[in-house]
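In this note's numbering, the protein residues as written are 140 to 669. Just so you know, even glycine gets a beta-carbon here, dropped at the ideal spot from N, CA and C. Quick notes on the structure that follows.
Rendered as structure tokens:
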């Protein structure tokens, strides 16, 4: 069986501040000091075989403000694909998913989650799986691995997501690797999960601790990462899959004294996450009241304390042009689409479908070009019919103008029958913040129940802020009409499937449409612009 890899890096920085040197000088935020991070205890592991609807692990987090990093693997031999739906408990109030994907072999999924401890002591941590978890054979299985970390900021630590990655190309090797991740700041923590069908040795990457889980897969971590880290190990020649994420820790800013301004957070930049959390930009430095005029002999008053400006609110979003759509049948190893992004700071959204009738299942390996420097995968899954994959991607435009966008598919894309196919749909969005826009992923969802209906729906998604953009994809075997959901724009792609977008979502939305009685699959994501 194929197993998988997860990596987590945690960057630690403390927010500092300085008092006013003179009554006329603006307050400047001091560079943040590193926050030291350490592992707490050893890996907590658990597995279920056959898979069950839920999996409960007993954990005992040691301190409020600590971080729990969780790697989840699912195996669905003889069952519809399933993944983790949610995590609860473990002393964590709010769990965040950093990354999740279905592996190229078509029978596994991997995920990374993280959460900050609010309640210590022994308690259960429960992973709930999606439908299909209990519908498989005795070979279906799940595993949950938990590693705790603490920081020198203690209970005041503020943890945030930096970047995630994966390695899943189907290559056979004696040197499996974890994702190469680059820390945005010094002192981050890398945690990795590696899944293999056989076994591996403990690796020798400096600073990396290697541990083995209940299914013989491997979990690694390194607690002080600066620059780029790509852990590796060795073993017999075999395929492998790995997943990883970087997280960083910062100390909450101290309360301002009576003669100093509130310190501004350091404007460090991280890669966007498949997680829905977003950091607000640092407030502008505040300026104290000027000293009195020289015509008075009174001493200059102490500088008054000024409050930092509130963080900027969400920008308004608008669609740019219409849908650009492309298809290949039979499928090829790559698919190139001609696009013309209008402006730097805009976002390109992609809906990609793969069809592998009588062939090996395959998903997207990478996306490049299109005027985008770094593409982000929001969602990917194999459909329950066993012959399709659906993905949503997004990327921020850095180079506008006519260019090509290339999607590279995993192995199997060029080995199917004449019925194998792929499609790529591109929609550009702009925001009122222009080139300074910071785009981030808020939420994703999917509908893939196998139920036949005349009213297919897109995923129900709830925004965490106002003016968010919803992008959805609906795959059907027949046809559908343009729906009537208020504010939704419905477009048909090159394969007769449907793409929808809404540009000002303030509350929960469930786009829908109508057509003949049929099964369907849909995926959706919410993006926010600031």
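Buried or exposed (CB count within 10 angstroms, at least 16 for buried), residue 340: exposed
Exposure of residue 338, with buried meaning 16 or more beta-carbon neighbours within 10 Å: exposed
With a threshold of 8 Å on Cβ separation, who are the neighbours of residue 376 within its own chain once the five nearest residues in sequence on each side are excluded? 311, 312, 313
My guess is that residue 291 and residue 175 are in contact by the Cβ rule of under 8 Å, so how many angstroms apart are they, rounded? 4 Å
Nearest-angstrom beta carbon gap, residue 668 and residue 576 [assumed within contact, 8 Å]: 5 Å
In the DSSP assignment, what are the bridge partners of residue 514? 534
Proximal residues to residue 545 (C-beta, below 6 Å), its chain only, five neighbours per side dropped: 473, 475, 507, 508
Taking the alpha carbon of residue 279 as the reference point, which residue from 323, 354, 237 has its own alpha carbon closest? 354
Taking the alpha-carbon positions, what's the residue 650 to residue 478 distance? 26 Å
Using only the heavy atoms of the ligand SAM, determine whether one of them is closer than 7 Å to the beta carbon of residue 379. No copy of the ligand SAM appears in this structure; indeed no ligand is present at all.
Can you list, in chain order, the residues of its chain whose CB lies under 6 Å from that of residue 281, leaving out five sequence neighbours each side? 187, 190, 194, 213
Alpha-carbon spacing of residue 619 relative to residue 661, whole angstroms: 13 Å
What does the alpha-carbon distance come out to for the pair residue 226 and residue 317? 24 Å
Given residue 304, which residues of its chain have a CB within under 6 Å of its CB, disregarding the five upstream and five downstream residues? 318, 320, 383
Three Cβ pairs or more, each shorter than 8 Å: is that satisfied between the segment 232 to 252 and the segment 552 to 569? no
Excluding five sequence neighbours on each side, which residues of the same chain lie with their C-beta closer than 6 Å to the C-beta of residue 359? 331, 347, 349, 370
Hey, residue 531 and residue 602: beta-carbon distance below 8 Å or not? no
Return the chain-ordered list of same chain residues with a C-beta closer than 6 Å to the C-beta of residue 569, the five sequence neighbours on each side being excluded. 457, 459, 485
Where residue 622 sits in the DSSP three-state scheme: coil
Which of the three DSSP states, helix, strand or coil, is assigned to residue 484? coil
Between residue 575 and chain D, is any beta-carbon pair separated by less than 8 Å? Among the protein chains of the structure shown there is no chain D, as only one such chain exists.
Three Cβ pairs or more, each shorter than 8 Å: is that satisfied between the segment 231 to 246 and the segment 175 to 184? no
Residues near residue 615 by beta carbon distance below 6 Å, same chain, minus five either side: 657, 659
Contact defined as beta carbons within less than 8 Å: I believe residue 612 pairs with residue 529. What is the distance between those atoms, to the nearest angstrom? 6 Å
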